[in-house]
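Shown next, in structure tokens, is the structure this report addresses.
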Amino acid sequence: LYGARGLWAHRATVDSLPPDLRLIVNRAVRAAIDLQRSEAAALERKLRTRMETRGIEFVDLDDDARSRFLEASAPAIEVAHQGVPEGLFELARS
């Protein structure tokens with residue numbers, strides 16, 4: 326249920342900032358990212374609990390099962406990635 330949000334900036338503008346101001350901006354960005362991820366995780370836990378009380382079941386995969394799932398779904402993921410720069414997927418994984 327995680328809803329990713331983008332944070333966009335004009336590179337030349339950011340690069341032109343004085344080092345002390347760039348550090349402030351970078352710290353603020355990191356804090357915003359951490360807060361968004363924390364809030365998203367809390368919302369996901371809340372929504373999952375709500376769904377479970379309504380009878381919806383979840384399957385939590387252990388590491389081995391997750392690896393097998395990723396291997397089995399690799400062909401479909403490869404098709405989904407066609408035409409999308411790999412760098413975008415790397416950003417999403419980080």
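Residue numbers (this note's numbering): 326 to 419.
Backbone N, C-alpha and C define an ideal beta-carbon position, used for all residues, glycine too.
Put simply, the backbone Cα of residue 363 is about 30 Å away from that of residue 337. For residue 361, the uninterrupted alpha helix (DSSP H) run begins and ends at 344-378, by DSSP. Exclusion of the five residues before and after residue 388 leaves no residue of its chain whose Cβ lies closer than 8 Å to its Cβ.
One alpha carbon belongs to residue 341, the other to residue 386, and they sit about 46 Å apart.
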